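Beneath this line is the structure, given in structure tokens, with notes to follow.
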Amino acid sequence: MTAISDRDQLSYIAAQAADARVNVELETEGMTLNIGPQHPATHGTLRIVAKLDGEQVIAADPVMGYMHRGYEKLTEVRTYPQVTTLINRIDWVGSFANEVPFILAAEKLMEVEAPPRAQWIRTILFEMSRIANISLFLGDMGLQVGAVTPAFFAFRDREHVLNQIEAVTGGRFHPNFDRIGGLKDDLPAGWITETKRAMKKIRSFCDEIEGLLQGNEIFEARTRGIGVIPADIGLGYGLSGANIRASGVDWDTRRDNPCGLVHDELDWKVWTHVDGDSFARFWVRLQEVRESTKMVDQLLDGLPGGPVMAKVPRIIKVPAGEAYVETENPLGVMGYYIVSKGDLVPYRVKIRSASFNNISITPWLLKGVYVPDIVTILGSLYFILGDIDR
Amino acid sequence: MIAAITDPWWFQTTLRVVGGLAAVLLVAGTLVYLHLFKMVSFMQSRLGPMEAGPFGSLQLLAEVGKFIQKEDIFPRKADRFVFAAAPFVVLMSTFLLVVVVPGGPDAWFVDSEIGIYLGMAVSSVSVIGILMAGWGSASKYSLLGGLRATGQLIAYELPLILAVLGVVIQAETMNMQGIVLAQAEGEIFGWGAIGNPYILTQGVAFLIFLIAMQAELTQTPFDMPIAESELVTGYMTEYSGMRFLLFFIGEFATAGVFSAIAAVLFLGGWYIPGIDPANNIMNVLGPIVLITKVVVLTFIVFWVRFTFPRFREDQLQKLAWKVLIPIALANIVVTGVLKVAF
Chain E
155 MTAISDRDQL SYIAAQAADA RVNVELETEG MTLNIGPQHP ATHGTLRIVA
205 KLDGEQVIAA DPVMGYMHRG YEKLTEVRTY PQVTTLINRI DWVGSFANEV
255 PFILAAEKLM EVEAPPRAQW IRTILFEMSR IANISLFLGD MGLQVGAVTP
305 AFFAFRDREH VLNQIEAVTG GRFHPNFDRI GGLKDDLPAG WITETKRAMK
355 KIRSFCDEIE GLLQGNEIFE ARTRGIGVIP ADIGLGYGLS GANIRASGVD
405 WDTRRDNPCG LVHDELDWKV WTHVDGDSFA RFWVRLQEVR ESTKMVDQLL
455 DGLPGGPVMA KVPRIIKVPA GEAYVETENP LGVMGYYIVS KGDLVPYRVK
505 IRSASFNNIS ITPWLLKGVY VPDIVTILGS LYFILGDIDR
Chain B
48 MIAAITDPWW FQTTLRVVGG LAAVLLVAGT LVYLHLFKMV SFMQSRLGPM
98 EAGPFGSLQL LAEVGKFIQK EDIFPRKADR FVFAAAPFVV LMSTFLLVVV
148 VPGGPDAWFV DSEIGIYLGM AVSSVSVIGI LMAGWGSASK YSLLGGLRAT
198 GQLIAYELPL ILAVLGVVIQ AETMNMQGIV LAQAEGEIFG WGAIGNPYIL
248 TQGVAFLIFL IAMQAELTQT PFDMPIAESE LVTGYMTEYS GMRFLLFFIG
298 EFATAGVFSA IAAVLFLGGW YIPGIDPANN IMNVLGPIVL ITKVVVLTFI
348 VFWVRFTFPR FREDQLQKLA WKVLIPIALA NIVVTGVLKV AF
């Protein structure tokens, strides 16, 4: 090392000081942007507090609870048949699927088993509510990246499924049809052929969405490589459903743990994708709708006869004990943990809803993305606000 | 016709103002009804407005009445003058733009030797209005939208102008009337039955012009400044009532005027093959021909708008600087070489 002369040192200090002055003058201030609670992108009342540097997100924090309705507490003052009315409203787009795990858990405690026909019809309605739910997502995903028309197609074709659900249950959005020990009613006459026609329409809707969005260069540019979730991080945050299958984790409760539903008797496939980005989540859901229509067709073909209601007491008292049942709902794994003290009402119900866990990854995922990608990522994670806040 | 009038200046001025208002507002209204209300509804498997008047044709009047009745809201922290003036600046650029469009041999507002140059220049004024709206609203969404719009409009101004240059080289004039006549009298390899609409020889420039026009109008896939799923409606977020209506009219009127300029530059403007361009009947038929071409071009604009997803800000800048501008420059070079060669 050569000795540094005083002159060099002085000029060095002066340069440093000049740099510091420039840095002070050019110092920028971050901007905090409140996305929500009232905002078109969050479809509900989710609020995201994003700290921005220009268009880049430095930190993002989801704030939830604007729509908390206290369902876990409310179930404690309602009898078991009354609870289904309530939990219909958790994931309001695929509401029949909410009832199923609760009823299955209660049946497990009571040691009742629904007759085969009831189980098959349950599975049909379960898959149809998945189709109704995810077809909304497929249109909505277009809306998030700016294509308006797919959303209208989604609403149009979802109607076919909702009509069929209404024909059986009497309710388009809130069927309240599942009972402990079976179902409220049998299928109406002519329903099977009508439903097959609806499934055909849903399949052509899937092709349409594929043509409109999947092959579109702009859509791919907006979604490929955006919001990548590695499998281990996704599992660490408790992601489930299509969100984790899009990261390459081959995990589907319908196949791995079919308690009470008849998915194990059907011929179907669990779709996964290796990329883990927004496009993969879209793609996996698209394939899932197709798979569900195939499942419904098979279920309709193999529908067994017999009653739809097992013998259960008129006044339902669930014996003391604890039970947990989870199913693969449209948004991910949904489970109910019921603690009973042998009363008419549950002592405590814990609801494990999929969106609450799915949304918990957003602070990690949104760090460093651009503002337009916030919307794409949130859209591709696909949450329903009722499912987050309960 | 306007030129033939030897009336006092005030009469001519009034006539031109009325003509300009009609050219902007009537065309904008027609486009809203045809494209926004009906064409898009049929695309999205719905009917659109059906109740007000036959097939909902009076819906527009109802909408305008609704907007006029609404309260004129200023955000508390808004810069009141800038906020209030912004929609007028945006609309002013549309009105200034329409004056260069000729509708017939004598049906023009300004017969300037630098017509297209003037048009391109005044079309940039809307950027100032949008920036004023974004800044004056005192809203973060508006500010983001305004800044995005500014970056985008300035970036796409270049391919727009460079695409026009090809036409100017071929027509050897910047006068809009001259460009129409050059197309009417042009020949394709000695065959002059339909003239030479420059879409045939300047097809590349036409495509670039359409894409850049879509971006200048901030329509999808270039609607990042408005981006209703993230920025609510961008720079228009805080506007309500009459001022929002001005933005709304500005959007559709500018679509119409830009389409008219594209029609003049590339589709032959008002001339009809086989009729002498100097014939007086063209003053009546010319505007009709021009408006038909405008409707066709805006149909493409709104068809694309309601079909495609939108680009991200960096992606659309990349498209402008790395794809459109080089192609437009190459087009100018090729046009110049061929012009000299033939």
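Chains as they are written, first to last, in the numbering used here: chain E, 155 to 544; chain B, 48 to 389. The beta carbon of each residue, even a glycine, is placed where N, CA and C say it ideally should be. Small disclaimer: the values here were computed from a predicted structure and weren't measured.
Checklist entry - Is the CB-CB distance between E/V315 and E/I356 below 8 Å? => result yes
Next on the checklist: Just list the residues that DSSP pairs B/D361 with in beta bridges.
Outcome noted: The beta-bridge partner set that DSSP reports for B/D361 is empty.
Next on the checklist: Give me the chain B residues within the contact set of E/G296, using Cβ-Cβ distance strictly less than 9 Å, ordered along the chain.
Outcome noted: P356
Checklist entry - Hey, quick one: how far does the alpha helix (DSSP H) through E/D386 stretch, first residue to last? => result A385 to G390
Next on the checklist: Less than 8 Å between CB atoms is the rule here; does B/T284 satisfy it with respect to chain E?
Outcome noted: Chain E places no beta carbon closer than 8 Å to that of B/T284, leaving this residue out of the contacts.
Checklist entry - Sorry if obvious, but does the Cβ on B/Y203 come closer than 7 Å to a heavy atom of the ligand ATP? => result Absence of the ligand ATP is noted for the structure shown, with no ligands found whatsoever.
Next on the checklist: Does the CB of E/H193 have a neighbour CB from chain D at under 8 Å?
Outcome noted: Among the chains of the structure shown, chain D does not appear; the protein chains present are E and B.
Next on the checklist: Considering only their Cβ atoms, is the gap separating B/S276 from E/V217 smaller than 8 Å?
Outcome noted: no
Checklist entry - Any idea what DSSP makes of E/M463, helix, strand or coil? => result strand
Next on the checklist: Considering Cα atoms alone, identify which of B/I208, B/G67 and B/L138 is closest to B/M289.
Outcome noted: B/L138
Item to check | Contacts that B/D270 makes with chain E (C-beta to C-beta distance below 7 Å) | outcome: Going along chain E in sequence order, the residues near B/D270 (Cβ under 7 Å) are G300.
Next on the checklist: In whole angstroms, give me the CA-to-CA distance for E/T239 and B/L94.
Outcome noted: 36 Å
Checklist entry - Would you call B/I258 buried or exposed, if buried means 16 or more other Cβ atoms sit within 10 Å of its Cβ? => result buried
Item to check | Stretch-stretch touch, CB-based, cutoff 8 Å, three pairs: the stretch 100-108 of chain B with the stretch 121-139 of chain B | outcome: no
Checklist entry - Quick one: does B/K85 have its CB under 8 Å from some CB of chain E? => result Judged by the 8 Å Cβ criterion, B/K85 is not in contact with chain E.
Checklist entry - What are the boundary residues of the beta strand (DSSP E) that includes B/S140? => result Counting along the chain, B/S140 falls outside any beta strand (DSSP E), though it belongs to the alpha helix (DSSP H) covering R127 to V145.
Checklist entry - Excluding five sequence neighbours on each side, which residues of the same chain lie with their C-beta closer than 7 Å to the C-beta of E/I346? => result L454
Checklist entry - For E/I264, which residues from the same chain have a beta carbon less than 6 Å from its beta carbon, with the 5 sequence-adjacent residues on both sides left out? => result Inspection of the sequence shows that residue 264 of chain E is occupied by Met rather than by Ile. Taken in chain order, the residues that qualify are V472.
Checklist entry - Just checking, does the stretch 125-132 of chain B make contact with the stretch 161-171 of chain B on the three C-beta pairs under 8 Å criterion? => result Proximity of the stretch 125-132 of chain B to the stretch 161-171 of chain B falls short of the contact definition, fewer than three beta-carbon pairs being nearer than 8 Å.
Item to check | For E/V299, the first and last residue of its enclosing beta strand (DSSP E) | outcome: Annotation for E/V299: no beta strand (DSSP E) segment contains it, and DSSP assigns it neither H nor E.
Next on the checklist: In the DSSP assignment, the alpha helix (DSSP H) including B/R195 goes from what residue to what residue?
Outcome noted: K187 to A218
Item to check | Inter-residue spacing [alpha-carbon to alpha-carbon] between B/V392 and B/S140 | outcome: The question about residue 392 of chain B has no answer, for chain B in this structure spans 48 to 389.
Next on the checklist: Rounded to whole angstroms, what is the Cα-Cα separation between E/D124 and B/E360?
Outcome noted: The structure shown does not extend to residue 124 of chain E, since chain E spans only 155 to 544, so no value can be given for it.
Checklist entry - Got a sec? Which residues, its chain only, sit under 7 Å from B/F355 by beta carbon, not counting five neighbours each side? => result T267 and P268
Checklist entry - E/K227: buried (16+ other C-beta within 10 angstroms of its C-beta) or exposed? => result exposed
Item to check | E/D143 (DSSP reduced to helix, strand or coil) | outcome: The structure shown has nothing for residue 143 of chain E, since chain E only spans 155 to 544.
Checklist entry - What residue does the beta strand (DSSP E) around E/Q210 start on, and which one ends it? => result Q210 to V217
Checklist entry - Three-state secondary structure (DSSP) at E/E476? => result strand
Next on the checklist: Tell me the residue span of the beta strand (DSSP E) that contains E/A204.
Outcome noted: R201 to D207
Checklist entry - My guess is that B/G213 and B/N378 are in contact by the Cβ rule of under 8 Å, so how many angstroms apart are they, rounded? => result Yes, B/G213 and B/N378 are in contact; Cβ-Cβ is about 5 Å, under 8 Å.
Next on the checklist: Just to confirm, is the Cβ distance from E/A464 to E/E267 under 8 Å?
Outcome noted: yes
Item to check | Supposed contact pair B/A154 and B/P334 - C-beta distance, whole angstroms, cut 8 Å | outcome: 6 Å
Checklist entry - Which stretch, first to last residue, makes up the beta strand (DSSP E) that contains E/T186? => result M185 to I189
Checklist entry - Does the beta carbon of E/E209 come closer than 8 Å to any beta carbon on chain B? => result yes
Checklist entry - How about E/V523 and E/I285: do their beta carbons lie closer than 8 Å? => result no
Item to check | Residues near E/R201 by beta carbon distance below 6 Å, same chain, minus five either side | outcome: Once the five neighbours on either side are set aside, the close Cβ partners of E/R201 are G190, P191 and V217.
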